[in-house]
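Participant:
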Amino acid sequence: MPITEDRTDARRLSWAEAARYLSTVLQLGLVVLVIRQFEIEGSAFYRLSVLTLAGFALHALLPVAYRLTFFLLLSITGILLVMGPINGLWILGLGGFLLILSHLPVRFSFRVGIVLATTLLLGFFRSSLLPSGIPAPIWPILASMFMFRLAIYLYDLTHGVEAGSPARVLSYFFMIPNVAFPLFPVVDYKTFARNYYDEDAWRIYQRGLQWILRGVLHLIAYRFVYHYMTMDLAEVRTGPQVMQYIFSSFMLYLRVSGMYHLAVGILHLFGFRLPETNHFWLFCQSFTDLWRRMNIYFKDFMMKLVYYPSFFRLRKKGMRKAIGLALVMVFFVTWALHAVQWFWLRGELLLSWQDGFFYVILGAFVIYQSLKEAKPGRKRAVDTGHVRWSPRRAINALLTMGLLMTAWSFWTADSVDQWVTMFQGMSEWPRRGTLIVAGSLVLYLGLAGLPWRSPELVEKKQGPLLRPALLTTGMLGGLLIAGHPRIYQQLDTGGTDFVLALKENKLNRRDQAVLLRGYYEKVDNQSKLTSQVWELGDGATEDVRITSTAAYRERNDFLGGELVPLTHILFKDTDFFTNRWGMHDRDYEQGKPDSTYRIALVGPSDVMGPGVLAPETFEALVESRLNDQHAGHRFRGYEILNFGVAAYTLPQQTAMVHERVLGFQPDLVIMTLHPVSDPPALIRYLVSAVQRGVNIPDPELQSIIKQAGIDSTMSDAVAKRQIWPHFEAIMRWSVRHVARVTRDRGTPLALMVVDAITESSPAEQQLIRYADSLGLAIIDLRDAHKNHDARTLVLAENDRHPNKLGHRLLADALYRRLIALGDTLGLGLDPAIQPSQSTQEGK
Amino acid sequence: MSNEEIIRTVKEYILKTFLPGEDPKALTESTQLITGGVLDSLATLELVSFLEQQYGIELQAHEVDAANLGTLTAIATLVQSKAGAGK
Numbered sequence: 004m005p006i007t008e009d010r011t012d013a014r015r016l017s018w019a020e021a022a023r024y025l026s027t028v029l030q031l032g033l034v035v036l037v038i039r040q041f042e043i044e045g046s047a048f049y050r051l052s053v054l055t056l057a058g059f060a061l062h063a064l065l066p067v068a069y070r071l072t073f074f075l076l077l078s079i080t081g082i083l084l085v086m087g088p089i090n091g092l093w094i095l096g097l098g099g100f101l102l103i104l105s106h107l108p109v110r111f112s113f114r115v116g117i118v119l120a121t122t123l124l125l126g127f128f129r130s131s132l133l134p135s136g137i138p139a140p141i142w143p144i145l146a147s148m149f150m151f152r153l154a155i156y157l158y159d160l161t162h163g164v165e166a167g168s169p170a171r172v173l174s175y176f177f178m179i180p181n182v183a184f185p186l187f188p189v190v191d192y193k194t195f196a197r198n199y200y201d202e203d204a205w206r207i208y209q210r211g212l213q214w215i216l217r218g219v220l221h222l223i224a225y226r227f228v229y230h231y232m233t234m235d236l237a238e239v240r241t242g243p244q245v246m247q248y249i250f251s252s253f254m255l256y257l258r259v260s261g262m263y264h265l266a267v268g269i270l271h272l273f274g275f276r277l278p279e280t281n282h283f284w285l286f287c288q289s290f291t292d293l294w295r296r297m298n299i300y301f302k303d304f305m306m307k308l309v310y311y312p313s314f315f316r317l318r319k320k321g322m323r324k325a326i327g328l329a330l331v332m333v334f335f336v337t338w339a340l341h342a343v344q345w346f347w348l349r350g351e352l353l354l355s356w357q358d359g360f361f362y363v364i365l366g367a368f369v370i371y372q373s374l375k376e377a378k379p380g381r382k383r384a385v386d387t388g389h390v391r392w393s394p395r396r397a398i399n400a401l402l403t404m405g406l407l408m409t410a411w412s413f414w415t416a417d418s419v420d421q422w423v424t425m426f427q428g429m430s431e432w433p434r435r436g437t438l439i440v441a442g443s444l445v446l447y448l449g450l451a452g453l454p455w456r457s458p459e460l461v462e463k464k465q466g467p468l469l470r471p472a473l474l475t476t477g478m479l480g481g482l483l484i485a486g487h488p489r490i491y492q493q494l495d496t497g498g499t500d501f502v503l504a505l506k507e508n509k510l511n512r513r514d515q516a517v518l519l520r521g522y523y524e525k526v527d528n529q530s531k532l533t534s535q536v537w538e539l540g541d542g543a544t545e546d547v548r549i550t551s552t553a554a555y556r557e558r559n560d561f562l563g564g565e566l567v568p569l570t571h572i573l574f575k576d577t578d579f580f581t582n583r584w585g586m587h588d589r590d591y592e593q594g595k596p597d598s599t600y601r602i603a604l605v606g607p608s609d610v611m612g613p614g615v616l617a618p619e620t621f622e623a624l625v626e627s628r629l630n631d632q633h634a635g636h637r638f639r640g641y642e643i644l645n646f647g648v649a650a651y652t653l654p655q656q657t658a659m660v661h662e663r664v665l666g667f668q669p670d671l672v673i674m675t676l677h678p679v680s681d682p683p684a685l686i687r688y689l690v691s692a693v694q695r696g697v698n699i700p701d702p703e704l705q706s707i708i709k710q711a712g713i714d715s716t717m718s719d720a721v722a723k724r725q726i727w728p729h730f731e732a733i734m735r736w737s738v739r740h741v742a743r744v745t746r747d748r749g750t751p752l753a754l755m756v757v758d759a760i761t762e763s764s765p766a767e768q769q770l771i772r773y774a775d776s777l778g779l780a781i782i783d784l785r786d787a788h789k790n791h792d793a794r795t796l797v798l799a800e801n802d803r804h805p806n807k808l809g810h811r812l813l814a815d816a817l818y819r820r821l822i823a824l825g826d827t828l829g830l831g832l833d834p835a836i837q838p839s840q841s842t843q844e845g846k
Numbered sequence: 011m012s013n014e015e016i017i018r019t020v021k022e023y024i025l026k027t028f029l030p031g032e033d034p035k036a037l038t039e040s041t042q043l044i045t046g047g048v049l050d051s052l053a054t055l056e057l058v059s060f061l062e063q064q065y066g067i068e069l070q071a072h073e074v075d076a077a078n079l080g081t082l083t084a085i086a087t088l089v090q091s092k093a094g095a096g097k
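Order-wise, the sequence lines are chains A and B.
Adding 3 to a residue's 1-based position in the first sequence gives its number in the working numbering.
Adding 10 to a residue's 1-based position in the second sequence gives its number in the working numbering.
(1) How about Ser91/B: is its C-beta nearer than 8 Å to some C-beta of chain A?
(2) For Leu52/B, return the contacting residues in chain A, with the cut-off set at a CB-CB distance below 9 Å.
(3) Taking only beta-carbon positions, decide if Arg295/A is within less than 8 Å of chain B.
(4) Any beta carbon from chain A within less than 8 Å of Gly47/B's own beta carbon?
(5) Report yes if the C-beta distance between Ala325/A and Phe334/A is below 8 Å; otherwise report no.
(6) Can you give me the C-alpha to C-alpha distance between Ile484/A and Leu779/A, rounded to a whole angstrom?
(7) Would you give the residue range spanned by the beta strand (DSSP E) that Leu604/A belongs to?
(8) Compute the Euclidean distance between the alpha carbons of Pro682/A and Tyr200/A, then round it to the nearest angstrom.
(9) How close, in whole Å, do the beta carbons of Phe253/A and Ser412/A come, if the pair is a contact with beta carbons under 8 Å?
(10) For the alpha helix (DSSP H) containing Ala441/A, name the first residue and the last one.
(11) By the criterion of Cβ-Cβ separation under 7 Å, what are the contact partners of Leu55/B in chain A?
(12) Does any C-beta atom of chain A lie closer than 8 Å to the C-beta of Gln70/B?
(13) Would you say Ala84/B faces chain A, with C-beta separation under 8 Å as the test?
(14) Strictly below 8 Å CB to CB, what residues from chain A border Ala77/B?
(15) With a Cβ-Cβ cutoff of 8 Å, do Leu52/B and Leu43/B count as a contact?
(16) Taking 8 Å as the CB-CB limit, is Val74/B close to chain A?
(17) Just tell me which of Ile602/A, Val309/A, Gly606/A has its CA closest to the CA of Thr337/A.
(18) Taking the DSSP output, what are the residues bridged to Gly640/A?
(19) Would you kindly check if the distance between the Cβ of Ile713/A and the Cβ of Val738/A is under 8 Å?
(20) Work out the CA separation of Leu95/A and Leu340/A for me, nearest whole Å.
(21) Let me check one thing: in DSSP terms, what residues is Gly564/A bridge-paired to?
(22) In or out: Ala623/A buried (at least 16 other Cβ within 10 Å) or exposed?
(23) Spatial neighbours of Gly606/A within its chain, please: CB distance less than 6 Å, with the 5 preceding and 5 following residues excluded, ordered by chain position.
(24) Any Cβ of chain B within less than 8 Å of the Cβ of His804/A?
(25) So what does Leu671/A bridge to, in DSSP terms?
(26) Tell me, to the nearest whole angstrom, how far the beta carbon of Trp736/A is from that of Ile707/A; I am working on the premise that it is less than 8 Å.
(27) Closer than 7 Å to a non-hydrogen atom of the ligand HEM - does that hold for the CB of Val721/A?
(28) With DSSP as the reference, identify every bridge partner of Met755/A, one or two as the case may be.
(29) What is the rounded straight-line gap between the Cα of Glu431/A and the Cα of Gln421/A?
(30) Shorter than 8 Å from the beta carbon of Pro278/A to some beta carbon of chain B?
(31) Mind checking whether Phe301/A and His62/A have CB atoms under 8 Å apart?
(32) If you drop the 5 nearest sequence neighbours on each side, which residues of the same chain put their C-beta closer than 6 Å to that of Ala22/A?
(33) Roughly how many angstroms lie between the CA atoms of Gly612/A and Thr620/A, to the nearest whole one?
(34) I need the straight-line Cα distance from Glu279/A to Leu124/A, nearest angstrom please.
(35) Does Met332/A have its Cβ less than 8 Å from a Cβ in chain B?
(36) For the candidate residues Ala658/A, Ile781/A, Phe177/A, Asp235/A, whose alpha-carbon lies nearest to that of Asp417/A?
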């Protein structure tokens, strides 16, 4: 029964209610543990979930009359906790100011004008066209709280809806889950008010928990798609891969669906029985059905503020004309709002023809089907779900989703050229891939033909809460068990990696390449939902790029760039020095001192060591330890020269060895295999080199490029696609060439594998095997961070370079490997010294 | 006209137009018509048109929502208030 009695008196729980209370708290506790274990939406959301648990435990015991105020206080606490006190106060202050403007005692149209003018001014602040001192991180959250909800609120006020108590109004805007989600469902104000404790509280809470669980499952499924299915357009070669690309681009929507389920599930815990945000959106029967299933709140928002008002104004022109024109308005406004939303999230308007074209196509489909459905005399057939499996339903869903996914893949493609070129793959249908596609289609048709009914109609038939509570508890428990290291480490490496991919909140290799690019150049990151990079905010842009500092200079040759000698800058809040040779290292003589074992280490930024002092880099720590423990045994001293430069791919390392490294007479050369050498980054680099017309330094590499058929006149998209199949050959060339050159000098070459706190790739595995076959020593540091929380080893959430601790662990691992390879590499180490202690700061 | 009469008339219209073949007992006074998926946006507009013609009332855009048209009971209340207000 809805709670209506004892509104101010303290409630005494009956035994049954006490059991439900404990059950709900237990389930919520399991949710918090799952959020922590699976790193759901980052550390901010975890902190918020703990607050939600504590808040719910108290809130559920309060008299109803006090709950809304408590919810508001909890929401404010959440904002301050997640955003920090300064940023939190900015959000509360600016938001409060907008609400005051909305209630000014002036004519309503004037009030709306003032709010719009203020919003425009805030827009100037957001884009930094006007200085303001307002911290950048607040904008996405402030916008997600006010951009849509203020419009709804003002619309409702103007049509006679009572604002309600200040607690309700403020709760509506500052509601607790919002601070963790820059993308948030557009909650309707009337629904928010009307559905508050309008049903049995325990049923509301239980549904909330089920939706939170659903959200978690969606986000885990998203990770599967994100890590295992998404592809770079340039690597799509066959028909099945085209299908995979199209399918995976769309399925990244699981992220939005997951977040929205989490958000609304949490609101249920505080009595807000809000409708479902997404409902079996994989089985849309038509483009008009799409609106009933995907991002339902946004659909309701557009219906309320645009569609119905437009229709009612235009209906004198006739029903069908009014519907058509109203829908045109809807899609135009949707496109515009999307651009504005992106502006608040990223600080720049998203006005691309690709975006506009997508909405035109989608709008055209919706309008066509709507007008067809609106034909007079057409027999409406609402799916009542009586037929268990329907072939018509299945085919409708397949056609609708096929068209939608194709349009979606166009919308989210990084390059239209590449998207179009991708379809060349449709002429190739390898057996294995074709069977997988065929099997998937059969499975899909089997599921799509079932009657996926509306949640309201399904729920009415539910009985006691025990069954859903047990099911939710069981599933949460299952997730916790499956995600526990003691369980998944029983699996083989592949299995463990699979669980870790689903468990850890990290970028896939494609986005890492984007992020790494973002460190070194301004990335026009309009990859929207397919990338998580934009969520890292402004950290992955100019202020962390070494290439935009005085310590780096570009070169118009194959090397592309280098560190400038003898510079001293402040970079990532740390002193960054370069010696006279342009190394982030202490000084060395070019001539090797007598009886010195010299190691030359080439690699990208993880070797270079941004964000830590030169003596704190892992190579410096190892150098120090070698000298402390082994100097005097066979060699008087040891040197490790840090030739690391940001973003150096394997081919650039090869060029660096040629140009500079050999001149230092090293006794050992170590090249670094790192995600920056992964296909997207390596290919981008080579295409850029060819387009710049620089001299390709080696005949063998020239031959590979010629085989790929790329030249400086080609577009990016086409060049990347053509060279993609050759990236393995390029990586092999890099290593083989240096091996030959160093071998000629009697110098061993080793390949060091650094994983940058992320997962391995097939390309990496293959190159390691190839290097091994050439007789190279393999220095595998991928387990350097084992048993450590990866988040504690990096400079920041949006900067995956190792911090001091990360470098120390790498140093320990490198030292152990050098000890093991000592005889092979002729290091002359004292066999009595065992690698037991960890490294301290060196040089 | 009473609420019961309005409910009966509207129920008959909805069953005939949007739920052909459905068991009339399945559509109750409290069945969620909009959020329950019985009425999509087009159907809602058709219903609005029916109500306006049947009862000589005029609805506004902001009145087309689940609060006013979400159940048969809500529809009856809306019609009564509109008719009573002389619209």
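Here a beta-carbon is modelled for each residue, glycine too, at the ideal position from N, C-alpha and C.
Facilitator: Here's the rundown:
(1) no
(2) Thr291, Ile326, Ser373, Glu376, Ala377, Arg383
(3) yes
(4) yes
(5) no
(6) 41 Å
(7) 599-604
(8) 54 Å
(9) 7 Å
(10) 434-451
(11) Phe314
(12) yes
(13) no
(14) Lys193, Arg197
(15) no
(16) yes
(17) Val309/A
(18) Thr599/A
(19) no
(20) 23 Å
(21) Glu557/A
(22) buried
(23) Gly647, Thr675
(24) no
(25) Ile602/A
(26) 6 Å
(27) Because no ligand of any kind appears in the structure shown, any question about the ligand HEM cannot be addressed here.
(28) Thr675/A, Ile782/A
(29) 17 Å
(30) yes
(31) no
(32) none
(33) 6 Å
(34) 35 Å
(35) no
(36) Asp235/A
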